[in-house]
Amino acid sequence: MFKDVLGSLPPITGEEITYPSGFRISADRSPNTRGMNDICEGVVEDLASEIETQGIRTLFILDDGIDRKLDDKWKKIIGEMDSVIVLSYAMTDLAKLAHVVLPGHAPLEREGTVTNDKGRIQWLRPSLPVKVESKPDWEILMLVRNALDKKTEHFVELGEVMKKMGEKFENYGGITFFKVGDHGYSINGKIS
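Here it is in structure tokens:
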């Protein structure tokens, strides 16, 4: 019934900027592309073609909240879907096209990690309290997965999710918030 196809919308890129202090803004404007590619084995390069080839009729989209401009091709693909579910904290153009929008936490409400383009895991900590009824993305994904697969896997807190990821993905083995700390943790063993 469900096909396991993982892909991403066209990337948002710009010019890489490095300031005299060494502070760098990557050309990849999606802060966790490296992390996604590390844990999502088999991310297809041309998702649009894969959707057509496999006859995919439902999309579950993790919206990064960047209000990307969808070209006509993607508007058509999304418009022809039987169902589009978007997990987002903002009512982006993508979320507006969804049949169902699941409210996730905004970046300033989140706790978790991102792996930057240089392989450095960085700890995101919430700086604002959650004021609306929403759940962390990891909890929403767990609930959806359990509902679809009839699994009984249940995580109580984010540390359990990190431990499970470490068991499945070698580069993330043994990673804890304590190890990541304030300065991050390099998965390739080098400080970058």
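Numbered per numbering that gives the first Met the number 0, the sequence shown spans residues 0 to 191.
Think of the CB as a built atom: it goes at the ideal place given N, C-alpha and C, for glycine as much as any other residue.
Source: prediction; values computed, not measured.
* So residue 161 packs on residue 175, CB below 8 Å; how close in whole Å? -> 7 Å
* **Spatial distance of residue 77 from residue 57 (CA atoms)** => 9 Å
* In its own chain, which residues sit with a C-beta less than 6 Å from the C-beta of residue 99, not counting the 5 before and 5 after it? -> 84
* **Exposure of residue 260, with buried meaning 16 or more beta-carbon neighbours within 10 Å** => Nothing about residue 260 can be reported from this structure: the residues present for the chain run from 0 to 191 only.
* **residue 59, DSSP secondary structure in three states** => strand
* To do: Specify whether the segment 104-113 and the segment 22-39 touch according to this definition: at least 3 beta carbon pairs, one from each stretch, less than 8 Å apart.
  => yes
* Which first and last residues belong to the beta strand (DSSP E) in which residue 96 is found? -> Segment: none, residue 96 is in no beta strand (DSSP E) and carries neither H nor E.
* Asked: To the nearest angstrom, how far is it from the Cα of residue 70 to the Cα of residue 177?
  -> 42 Å
* To do: Could you give the DSSP three-state label for residue 184: helix, strand or coil?
  => strand
* Consult DSSP for residue 191 and reduce its assignment to one of helix, strand or coil. => Only weak support exists for where residue 191 lies, its pLDDT of 45 falling under 50; the value from the coordinates is given anyway. In this structure, residue 191 counts as coil in the three-state DSSP scheme.
* Endpoints, the alpha helix (DSSP H) within which residue 20 is located -> It is not in any alpha helix (DSSP H) - residue 20 carries neither H nor E in the DSSP assignment.
* Quick one: using the 10 Å Cβ neighbour count with 16 as the cut-off for buried, is residue 268 buried or exposed? => The structure shown does not extend to residue 268, since the chain spans only 0 to 191, so no value can be given for it.
* Using a Cβ-Cβ cut-off of 8 Å (strictly less than) and excluding sequence neighbours within five positions of residue 191, which residues of its own chain qualify? -> Confidence is the limiting factor: at residue 191 the pLDDT is only 45, short of 50, which leaves the residue's position unreliable, though a coordinate-based value still follows. Here the set comprises 117, 118, 119 and 185.
* Asked: Does the separation of the CB atoms of residue 87 and residue 101 fall below 9 Å?
  -> yes
* To do: Could you tell me if residue 46 is buried or exposed, where buried requires 16 or more neighbouring beta carbons within 10 angstroms of its beta carbon?
  => buried
* To do: Would you decide whether residue 1 is buried or exposed? Buried here means 16 or more other CB atoms lie within 10 Å of its CB.
  => Because the pLDDT of residue 1 is 42, which lies under 50, any placement of that residue in the model is unreliable, and the number read from its coordinates should be weighed accordingly. Exposed, since its Cβ has fewer than 16 Cβ neighbours within 10 Å.
* residue 48 to residue 167, Cα distance in whole Å? -> 29 Å
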